[in-house]
Structure formats: structure tokens, C-alpha cells
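First the structure, in the form of C-alpha cells, and then the observations on it.
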Amino acid sequence: MAVAEDLALPMSPSMGVPVKPMTMRRWKIRYRIGMSPYHSRIVEAFSQADANKIFDAEMPGAQRCGSAQPLNNP
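Residue numbering for the sequence shown follows our numbering, starting at 3 and increasing by one per position.
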């Protein structure tokens with residue numbers, strides 16, 4: 003049987019408040035390769051900045067058009 007303390011959220015050591023675990027989200031990124039029309043790609047990341055970095059690392063030859071946009075995540 004689980005103890006209530008085991009089910010509690012982790013606590014922030016400095017403030018003593020519950021910390022919500024981060025979840026992966028889906029982000030849509032529009033890009034171009036050369037003079038081609040726009041394409042889009044979906045990236046899973048914790049934040050918008052992470053999604054941009056992942057895309058730039060995976061597709062260095064692509065020109066990202068703007069920043070990653072969040073998809074409606076369930």
C-alpha cells in the first residue's frame with residue numbers, strides 16, 4: 003500500500019512549494035530549403051527554445067521561418 007508522502011509532488015528545496023514535472027510538448031516549425039515553398043515539421047520538446055535548437059541541429063541546411071509554434075497538446 004502506498005504512503006501519502008510517496009504520491010506527493012516533489013518539493014522545491016528553496017521554497018517548500020510543490021514542483022510540477024515538465025512534460026514534452028509538440029511544436030510546429032515552418033521552414034524553407036533554398037527557394038522551395040514553405041514546409042512544416044513537428045518537433046517534440048520541453049520548451050519553444052528547445053524546439054528551435056532541436057530543429058536547427060536536425061536540419062542545418064533549412065532556413066527556419068520564425069519560431070516554433072505550440073500545437074494543441076492534449
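Every residue, glycine too, gets a C-beta built ideally from N, C-alpha and C.
By how many angstroms is the C-alpha of residue j removed from the C-alpha of residue i?
i: residue 71; j: residue 19; result: 30 Å
i: residue 31; j: residue 21; result: 29 Å
i: residue 23; j: residue 55; result: 21 Å
With a threshold of 16 other CB atoms inside 10 Å of the CB of residue i, please say whether the residue is buried or exposed.
i: residue 57; result: buried
i: residue 53; result: buried
If I measure Cβ to Cβ from residue i and keep anything under 8 Å in the same chain, skipping five residues before and after, which residues do I get?
i: residue 28; result: 44, 45, 46, 72, 73, 75
i: residue 63; result: 35
Between residue i and the rest of its own chain, which residues show a CB-CB distance below 7 Å, the 5 nearest in sequence each way excluded?
i: residue 42; result: 30, 31, 32
i: residue 39; result: none
Would you mind working out which of the options sits nearest residue i, comparing C-alpha positions?
i: residue 51; options: 65, 69, 63; result: 69
i: residue 66; options: 24, 26, 34, 25; result: 34
i: residue 26; options: 64, 48, 39; result: 48
**Complete alpha helix (DSSP H) runs within the segment 25 to 69 (minimum length 4 residues, chain order)** = Fully enclosed alpha helix (DSSP H) runs of 4 or longer: 50 to 60.
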